[in-house]
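Q:
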Amino acid sequence: MYKSLDPLLHNELRLKIMSLLISIESAEFNFLLDETKATRGNLSAQITKLAKADYITVNKSFKNNYPLTTCKISAKGIDAFESYATALKTYLGNR
Amino acid sequence: MSQEETKFSEHDAIVLIEQTIKSAKSKVSENGFIFLLWGWLVLIGYTLTYTFIVIEKPAGIGYSWIGIGAAGFIASFIYYFRKGKSNKSNTQLGKYFTYLWSGIGLGASILYTYFILAQEWTLITPFMLSMAGIGTFVSGRMLKVSGLTLGGISFLIGSGFALYFQSEWQFLIGAICMVSGYLIPGYMLRYRHKKG
Chain A
17 MYKSLDPLLH NELRLKIMSL LISIESAEFN FLLDETKATR GNLSAQITKL
67 AKADYITVNK SFKNNYPLTT CKISAKGIDA FESYATALKT YLGNR
Chain B
209 MSQEETKFSE HDAIVLIEQT IKSAKSKVSE NGFIFLLWGW LVLIGYTLTY
259 TFIVIEKPAG IGYSWIGIGA AGFIASFIYY FRKGKSNKSN TQLGKYFTYL
309 WSGIGLGASI LYTYFILAQE WTLITPFMLS MAGIGTFVSG RMLKVSGLTL
359 GGISFLIGSG FALYFQSEWQ FLIGAICMVS GYLIPGYMLR YRHKKG
């Protein structure tokens with residue numbers, strides 16, 4: 017049943033991160049934290065998984081002397097998200 | 209696949225995608241503040257200009273526009289400064305929006321200065337209305353807000369009328385355009401933003 021769905025995206029938190037990033041160009045870690053209502057640790061772990069798959073890029077910088085993590089969806093991430101959404105629609109349409 | 213992942217159904221996934229995208233878009237949508245700010249200020253400006261001409265005291269026109277321009281630029285600067293400080297996300301659309309209005313603002317400032325130096329008073333209103341019309345029309349298409357698109361068209365039509373009349377009627381046309389081009393779409397944006 018799940019074969020056609022990307023297992024990396026078929027996870028509630030990772031899918032929420034990707035849906036947020038596909039809607040906006042880039043987002044700070046705290047924005048994602050507010051929107052996903054996840055814990056810092058879990059969000060960080062899922063961002064790392066998405067970054068390792070090159071679905072997103074993570075940029076670390078400083079803002080007003082505080083560390084700032086900014087996430088941005090990559091071209092590979094957009095393709096993966098679109099394929100996942102198409103597969104979902106096909107699956108639900110065939111039910 | 210973990211237990212948590214297997215519980216997440218295909219239907220849950222599609223609902224999550226739709227809700228998240230809708231929520232994210234409403235968070236970064238335009239709240240109409242800048243259209244309302246400039247709409248009200250310029251409406252006051254045109255009304256004052258018309259009044260000063262009717263009561264034959266044209267000396268007040270220059271001072272009223274200096275005051276309106278200063279108030280508008282200070283309020284816009286504070287608004288964007290605060291917005292930039294609290295902003296935790298960036299959209300491609302937001303970037304294009306900034307590029308568009310910065311370009312229009314710069315071009316309008318250069319030609320506005322030229323018209324004043326050359327004392328081409330009757331060309332100022334048609335020119336400013338057409339600049340506002342281009343910006344508002346393109347903004348409307350980008351944000352997919354039909355009120356803004358129509359507002360932009362009303363500015364362009366008003367610009368044509370202002371060129372034709374070339375008298376104190378220009379300022380009444382300008383005032384009407386502020387209502388149709390900035391204020392009505394501005395309130396529509398504010399309503400849409402609040403509604404989410």
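Taken in order, these protein sequences are the chains called A and B. By this note's numbering, the letter at position 5 of the first sequence is numbered 21, and the numbering carries on one by one without gaps. By this note's numbering, the letter at position 187 of the second sequence is numbered 395, and the numbering carries on one by one without gaps. Glycine included, each C-beta is placed from N, C-alpha and C at the ideal position.
Looking at chain B, is there any beta carbon in it that lies within less than 8 Å of the beta carbon of residue 32 of chain A?
A: By this cut-off, residue 32 of chain A is an interface position.
Q: Which first and last residues belong to the alpha helix (DSSP H) in which residue 262 of chain B is found?
A: 241–262
Q: What residues in its chain sit with their C-beta under 7 Å from that of residue 370 of chain B, if we drop five residues either side in the sequence?
A: Taking C-beta separations shorter than 7 Å and ignoring five residues to either side along the sequence, the partners of residue 370 of chain B in its chain run 333, 334, 337, 378, 381 and 382, following chain order.
Q: Quick one: what does DSSP say residue 43 of chain A is sitting in, helix, strand or coil?
A: strand
Q: Below 7 Å CB to CB, which residues in the same chain sit around residue 18 of chain A once its five sequence neighbours on both sides are set aside?
A: Bear in mind that the predicted position of residue 18 of chain A carries a pLDDT of just 47, short of 50, making it unreliable; the figure below should be weighed with that in mind. Contacts found: 26.
Q: So, does the region 217–236 of chain B touch the region 26–35 of chain A, judging by three or more C-beta pairs under 8 Å?
A: yes
Q: Which of the residues in the region 64–90 of chain A, read from start to end, lie with their CB under 7 Å from any CB of chain B?
A: none
Q: Pull the bridge partners of residue 77 of chain A from the DSSP assignment, please.
A: A:84
Q: Residues in the same chain with beta-carbon distance under 6 Å from residue 251 of chain B, minus the five sequence neighbours each way, listed in chain order, please.
A: 383 and 386
Q: Quick one: is residue 94 of chain A near chain B, going by C-beta distance under 8 Å?
A: no
Q: In whole angstroms, what separates the C-alpha of residue 97 of chain A from that of residue 330 of chain B?
A: 54 Å
Q: Leaving out five residues before and five after residue 392 of chain B in sequence, what residues of the same chain have Cβ atoms less than 7 Å from its Cβ?
A: 355 and 359
Q: Leaving out five residues on either side along the sequence, give the residues of the same chain with a beta carbon under 6 Å from the beta carbon of residue 24 of chain A.
A: Contacts found: 69.
Q: Tell me the DSSP secondary structure of residue 90 of chain A in three-state form.
A: coil
Q: Tell me where the alpha helix (DSSP H) around residue 366 of chain B begins and ends.
A: 354–373
Q: By Cβ distance, which residues of its chain are closer than 6 Å to residue 237 of chain B, with the 5 residues on each side in sequence left out?
A: Only 401 meet the Cβ criterion.
Q: I need the DSSP call for residue 298 of chain B, collapsed to helix, strand or coil.
A: Reduced to three states, the DSSP call for residue 298 of chain B is strand.
Q: List the residues of chain B that residue 42 of chain A touches, going by C-beta distances under 8 Å, in chain order.
A: 297 and 298
Q: Quick one: grab the DSSP three-state call for residue 276 of chain B.
A: Helix at residue 276 of chain B.
Q: Compare the C-beta of residue 401 of chain B with all C-beta atoms of chain A and state if any pair is closer than 8 Å.
A: Any Cβ of chain A closer than 8 Å to the Cβ of residue 401 of chain B would place that residue at the interface, and such an atom is absent.
Q: When DSSP builds the beta bridges, which residues end up paired with residue 286 of chain B?
A: None, per the DSSP bridge assignment.
Q: Determine, using beta carbons only, whether residue 256 of chain B and residue 272 of chain B come nearer to each other than 8 Å.
A: yes
Q: Check this for me: beta carbons of residue 389 of chain B and residue 363 of chain B, under 8 Å apart or not?
A: yes
Q: Using a Cβ-Cβ distance cut-off of 8 Å, determine whether residue 291 of chain B contacts chain A.
A: no
Q: Using a cut-off of 7 Å between C-beta atoms, extract the partners of residue 233 of chain B located in chain A.
A: 39
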